[in-house]
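Engineer:
Number of protein chains: 2
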Amino acid sequence: MADIAARVGISRAAVSLVLRGVGGTSEATKQRVLEAAAELGYRPDSLAAGLRRSRSRTLGVLFALRRPFEVEFVEHLYPLAGHLGYDLLLGPFTAGRRQDEAVDELLRYRCAGLIVVGPDLHARDLEPLAEEVAVVEVGRGVTRGLVDVIRNDDAVGTRQAVDHLVSLGHRDIAYVDGGENPGAQERRSGYRAAMQDHGLAEATRVVPGGYTEDEGARAAHGLLANQPPTAVIAANDLCAIGIIDIALRAGLQVPGQLSVVGYDDSRFGRIPGIDLTSVRQDIPRMAKQALKAVVDRLDRPTHKPKDLVVRPKLVVRSTTSHPSR
Amino acid sequence: MADIAARVGISRAAVSLVLRGVGGTSEATKQRVLEAAAELGYRPDSLAAGLRRSRSRTLGVLFALRRPFEVEFVEHLYPLAGHLGYDLLLGPFTAGRRQDEAVDELLRYRCAGLIVVGPDLHARDLEPLAEEVAVVEVGRGVTRGLVDVIRNDDAVGTRQAVDHLVSLGHRDIAYVDGGENPGAQERRSGYRAAMQDHGLAEATRVVPGGYTEDEGARAAHGLLANQPPTAVIAANDLCAIGIIDIALRAGLQVPGQLSVVGYDDSRFGRIPGIDLTSVRQDIPRMAKQALKAVVDRLDRPTHKPKDLVVRPKLVVRSTTSHPSR
DNA sequence: TTGTATGCGTTATCAT
DNA sequence: ATGATAACGCATACAA
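Those protein sequence lines, which keep their order, are chains A and B. Under the numbering used here, the letters of the first sequence match residues 1 to 325, in that order. Under the numbering used here, the letters of the second sequence match residues 1001 to 1325, in that order.
1) Given a threshold of 16 other Cβ atoms within 10 Å of its Cβ, counted over all protein chains shown, does GLY222(A) qualify as buried or as exposed?
2) In the DSSP output, what is ALA1134(B) paired with across the bridge?
3) Rounded to whole angstroms, what's the CA-CA distance from PRO1208(B) to ILE1246(B)? Just pull it up for me.
4) Among ALA220(A), GLY216(A), ALA217(A) and ARG159(A), which residue has its Cα nearest to the Cα of ARG280(A)?
5) In chain order, what residues of the same chain have a beta carbon less than 8 Å from the beta carbon of ILE274(A), not counting five sequence neighbours either side?
6) Answer with buried or exposed for GLN1227(B), where buried requires no fewer than 16 other C-beta atoms within 10 angstroms of its C-beta.
7) Just the Cα atoms here: how many angstroms apart are HIS322(A) and VAL260(A)?
8) Quick check on DSSP: helix, strand or coil for THR94(A)?
9) Check whether chain B comes within 8 Å of THR94(A), counting only Cβ atoms and requiring the distance to be less than that.
10) Counting only Cβ pairs nearer than 9 Å, list the residues of chain B close to GLU75(A).
11) With distances taken from CA atoms, which of VAL1316(B), ALA1293(B) and VAL1309(B) is nearest VAL1147(B)?
12) For PRO255(A), decide whether its Cβ has a neighbour in chain B, counting only Cβ atoms nearer than 8 Å.
13) Do we get a CB-CB distance below 8 Å when we pair GLY50(A) with the residues of chain B?
14) From THR1094(B), ARG1067(B) and PRO1272(B), pick the residue whose C-alpha is nearest to that of HIS76(A); which is it?
15) Scan the segment 1208-1282 of chain B and note each continuous alpha helix (DSSP H) run of 4 residues or more that stays entirely inside, going in chain order.
16) Is the distance from the Cβ of VAL1061(B) to the Cβ of ILE1010(B) below 8 Å?
17) Buried or exposed: where does SER1056(B) fall if 16 or more other Cβ atoms within 10 Å of its Cβ makes it buried?
18) Chain B beta carbons: is any one of them nearer than 8 Å to that of SER321(A)?
19) Exposed or buried, what is THR1277(B) when buried is set at 16 or more other beta-carbons lying within 10 Å of its beta-carbon?
20) Would you kindly check if the distance between the Cβ of ILE1004(B) and the Cβ of LEU1059(B) is under 8 Å?
21) Taking ARG187(A) and ALA217(A) to be in contact with their CB atoms under 8 Å, please state how far apart those CB atoms are, rounded to whole angstroms.
22) What does the alpha-carbon distance come out to for the pair ASP112(A) and VAL133(A)?
23) Tell me which residues of the segment 244-271 of chain A have at least one Cβ-Cβ distance to chain B shorter than 9 Å, keeping chain order.
24) Run down chain B in chain order and give the residues with a C-beta less than 8 Å from the C-beta of GLY242(A).
25) Go to ASP1197(B), then tell me how far its alpha helix (DSSP H) extends in each direction, as first and last residue.
26) Would ILE1173(B) pass as a contact of PRO1255(B) if the rule is Cβ separation under 8 Å?
27) Can you pull out the residues from the segment 1221-1233 of chain B whose beta carbon lies closer than 7 Å to at least one beta carbon of chain A?
28) Touching or not, the segment 194-201 of chain A and the segment 165-180 of chain A, by the rule of three or more beta carbon pairs under 8 Å?
29) What is the rounded straight-line gap between the Cα of ARG249(A) and the Cα of ASP1296(B)?
30) So, are the CB atoms of ASN1152(B) and VAL1316(B) less than 8 Å apart?
31) Assuming ASP237(A) contacts PRO92(A) under a Cβ cut-off of 8 Å, what Cβ separation, rounded to an integer in Å, is found between them?
32) Using a cut-off of 9 Å between C-beta atoms, extract the partners of ASP45(A) located in chain B.
33) Measure the C-alpha to C-alpha separation of GLU1191(B) and GLY1179(B) and round it to an integer number of angstroms.
34) What does VAL1071(B) touch in chain A if you count any residue whose Cβ is under 7 Å from its own?
35) Could you pull the start and end residues of the alpha helix (DSSP H) that ILE1339(B) belongs to?
36) Can you list the residues of chain A that HIS1079(B) reaches, using a CB-CB cut of under 8 Å?
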């Protein structure tokens, strides 16, 4: 930047004004600065800029690199953040990287806010963070401290799945659970409540599973071994895919002999050969709201935390049909 | 940091020495500094640190968030980079984010080096970058300028697939192509050459496809419509999964009536119900070498670029068997 | 072993 | 409308 100033013959401050696009400069110098910048191949230094205004224009994103929903969420975040003038700093947690390490790194880079997409972190870990930075949690609804929450109404989602299957004539509807994963608890209780409301409390069956294909496949083995249900709702899409694979291998027709519903409507469910009936979370809307929540909190740090619940929507495809019996 | 210095009653420089773990301080002050740091909840400021030593300890990673191979590669990068004392700055490109935007952002954060995992970028775009930062390219082998290259021997991979199928008795082996994707060209020519070497030039059949399940599924439709082959090699795992789905839906048994080989040995191929025979790229090794290459180049910026080729390995699972006829 | 002084590239404050 | 100057938090060279 000093180079540009020297070349044009003005102060560095003036150059800064032009480059930031704030007013206060004459049109003539503005043009000359822009020209010089292009010629010199100038590239702004986000480090220095962030250092100066202690409140950096960077948002940290915590998520699991392996969960399709979270990845899709992040994808939607990018254009929105860019539009608001924020950079995104990704803090993925994976097998080789603990979550607190990820948080630590983001904080070292002085993120202004934190978007926690995969809240495996317990509320008690998140709460103290909220005093340093703006924190918004996506998925799990533990409103405590100053943490904003954007979440999908998981219970309604599985209820929609049950309603759909019941309307097709199913009664023997099993549920493959998601264990401790984000949202899994609510999905399970939504299933339970819906079954009860339909007078199917007796037919309620919850099988331990998970959010991965592996766990879905394992659950399917047990489920199909004796007295297989006519329909199964999976904790998420990957789990559903694992179930379908096992079912097909076992010679069961899907949906002829077994209807399957997933959750998330992720890209894997949309594979033509799978074409999974699934509960869709409104990711674009949630991403937008999450961003809005962080930015709002940056403006008013002590504002009352919001808890926004977004309604999911069942997308019927070709893994569900009338039961054969 | 100033707070710690004030509290302990020494200079900020001394605190810096302790915190960085370089010698030059007495054990007594060291303890007192560490204590004070913990009490005050001190967190180093990577921005400021990076600004000071212009050569930041940050490596940028360019990759496609949707390609399993690249994501797995990134996962392996984390523990290795951490061990070398580098932070990773992720520059994913997705639907809502062009590649040059991603590059630009990484450069604005003054990354010391760039690891380009998904080299969709053309060599002519990469080359000028290499004069500013250390660049290592993973996947595509276009050694030009000062760009180091770590790549898998794609041609050998598809050759291994062909060899395997031929040894099982297959002769009618088709190939579903990966188009313009990284490595696709080499995989295709490896297939072609291997077929020729086995005297199967006549049976060579390349069908346009891609790196996604969708493209695999579309290719399968055309492929299975008339005169289906007894075996098919897919450009990558996702593509293979798309093919398998269509084949199963069409009533074909896999591998009974159609053997399928994928590429990458990604987690989707390892789904129990899929259990895909696939060509494995040695990701841990490649990740290690890529990191080594960047670090080496940071030490000797003008050193002759290296071009390291890693040998892949066929992993035989249950989607390949003897042909039925 | 410890402290002092200076600079990294930018932005914000104040004065012109 | 524009410019000089200080400050952001840390690392480094050098002096003590």
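Note that the Cβ used here is the ideal one computed from N, Cα and C, for glycine as well.
Structural biologist: The relevant details are as follows:
1) Translated into the one-based positions of the first sequence, residue 222(A) becomes position 222. By the 10 Å Cβ count, GLY222(A) comes out exposed.
2) Start at 1 with the first residue of the second sequence, and residue 1134(B) comes out as number 134. Answer by DSSP bridge pairing, in chain order: GLY1113(B).
3) Here the question's residue 1208(B) lines up with position 208 in the second sequence. Here the question's residue 1246(B) lines up with position 246 in the second sequence. When rounded, the distance between both Cα atoms is 16 Å.
4) Taking the first sequence and counting its residues from 1, one reaches residue 280(A) at position 280. The shortest C-alpha separation from ARG280(A) is found at ARG159(A).
5) Reading the first sequence from its first residue, position 274 is the one you call residue 274(A). Here the set comprises ILE241, ILE244, PHE268 and THR319.
6) Taking the second sequence and counting its residues from 1, the one referred to as residue 1227(B) is at position 227. With fewer than 16 other CB atoms across the displayed protein chains lying within 10 angstroms of its CB, GLN1227(B) is exposed.
7) Here the question's residue 322(A) lines up with position 322 in the first sequence. Here the question's residue 260(A) lines up with position 260 in the first sequence. Whole-angstrom Cα-Cα distance: 11 Å.
8) Position 94 of the first sequence, counting from 1, holds the residue named residue 94(A). Reduced to three states, the DSSP call for THR94(A) is strand.
9) The count along the first sequence starts at 1 and reaches residue 94(A) at position 94. Residue contact check for THR94(A) against chain B: a CB pair falls below 8 Å.
10) Numbered from its first residue, the first sequence carries residue 75(A) at position 75. Among the residues of chain B, those whose CB is under 9 Å from the CB of GLU75(A) are LEU1065, ARG1066, PRO1092, THR1094, ALA1095, GLY1096 and ARG1097, following chain order.
11) Taking the second sequence and counting its residues from 1, the one referred to as residue 1147(B) is at position 147. The shortest Cα separation from VAL1147(B) among VAL1316(B), ALA1293(B) and VAL1309(B) belongs to ALA1293(B).
12) Counted from its first residue, the first sequence places residue 255(A) at position 255. Interface with chain B (8 Å Cβ-Cβ cutoff): PRO255(A) is excluded.
13) Along the first sequence, read from residue 1 onward, the residue named residue 50(A) stands at position 50. Closer than 8 Å to some Cβ of chain B, the Cβ of GLY50(A) qualifies, so yes.
14) The count along the first sequence starts at 1 and reaches residue 76(A) at position 76. Closest option to HIS76(A), judged by alpha-carbon separation, among THR1094(B), ARG1067(B) and PRO1272(B): THR1094(B).
15) The qualifying runs are 1213-1225 and 1237-1249.
16) Residue numbering aside, residue 1061(B) sits at position 61 when the second sequence is read from its first letter. Residue numbering aside, residue 1010(B) sits at position 10 when the second sequence is read from its first letter. Between VAL1061(B) and ILE1010(B), the CB-CB gap reaches or exceeds 8 Å.
17) In the second sequence, counting from the first residue as 1, residue 1056(B) sits at position 56. Buried, because 16 or more other Cβ atoms sit within 10 Å of the Cβ of SER1056(B).
18) As a working note, residue 321(A) is residue 321 in the first sequence. Using a CB distance cut-off of 8 Å, SER321(A) does not count as an interface residue toward chain B.
19) Taking the first residue of the second sequence as position 1, residue 1277(B) is located at position 277. Classification for THR1277(B): buried.
20) Translated into positions along the second sequence, residue 1059(B) becomes position 59. Translated into positions along the second sequence, residue 1004(B) becomes position 4. No, they are not a contact pair.
21) On the first sequence, position 187 is the one that residue 187(A) refers to. On the first sequence, position 217 is the one that residue 217(A) refers to. Not quite, the Cβ-Cβ distance comes to about 19 Å (not below 8 Å), so this is no contact.
22) If you number the first sequence from 1, residue 112(A) lands on position 112. If you number the first sequence from 1, residue 133(A) lands on position 133. According to the sequence displayed, residue 112(A) carries Ala and not Asp. When rounded, the distance between both Cα atoms is 6 Å.
23) Listed by position, the residues of the segment 244-271 of chain A near chain B (Cβ gap below 9 Å) are ILE244, ASP245, ILE246, ALA247, LEU248, ARG249, ARG267, PHE268, ARG270 and ILE271.
24) Here residue 242(A) refers to the residue found at position 242 when the first sequence is read from its first residue. Here the neighbours are ILE1271, PRO1272 and GLY1273.
25) Along the second sequence, read from residue 1 onward, the residue named residue 1197(B) stands at position 197. ASP1197(B) -> alpha helix (DSSP H) spans 1184-1197.
26) Here residue 1173(B) refers to the residue found at position 173 of the second sequence. Here residue 1255(B) refers to the residue found at position 255 of the second sequence. Against a cut-off of 8 Å, the Cβ pair of PRO1255(B) and ILE1173(B) comes out as no contact.
27) So nothing in the stretch comes that close.
28) The segment 194-201 of chain A, when compared against the segment 165-180 of chain A, does touch it at the 8 Å Cβ threshold.
29) As a working mapping, residue 249(A) is identified with position 249 in the first sequence. As a working mapping, residue 1296(B) is identified with position 296 in the second sequence. Answer to the nearest angstrom: the Cα atoms are 50 Å apart.
30) Here residue 1152(B) is taken as the residue at index 152 of the second sequence, counted from 1. Here residue 1316(B) is taken as the residue at index 316 of the second sequence, counted from 1. Taking C-beta atoms as the reference points, ASN1152(B) and VAL1316(B) fail to come closer than 8 Å.
31) Taking the first sequence and counting its residues from 1, the one referred to as residue 237(A) is at position 237. Taking the first sequence and counting its residues from 1, the one referred to as residue 92(A) is at position 92. Wrong, their Cβ atoms sit about 20 Å apart, outside the cutoff.
32) Translated into the one-based positions of the first sequence, residue 45(A) becomes position 45. Within 9 Å Cβ-Cβ: LEU1051, ARG1108, TYR1109 and ARG1110.
33) Taking the first residue of the second sequence as position 1, residue 1191(B) is located at position 191. Taking the first residue of the second sequence as position 1, residue 1179(B) is located at position 179. Here residue 1191(B) turns out to be Tyr, not Glu, going by the sequence shown. Each residue's alpha carbon lies about 14 Å from the other.
34) Mapped onto the second sequence, residue 1071(B) falls at position 71. Under the 7 Å cutoff, chain A gives LEU65.
35) Here chain B comprises residues numbered 1001 to 1325, so residue 1339(B) is not present and cannot be evaluated.
36) What you label residue 1079(B) is simply residue 79 of the second sequence in a count that begins at 1. Checking the sequence shown, residue 1079(B) turns out to be Pro, not His. Chain-order list of chain A residues neighbouring PRO1079(B): GLY96 and ARG97, by C-beta distance under 8 Å.
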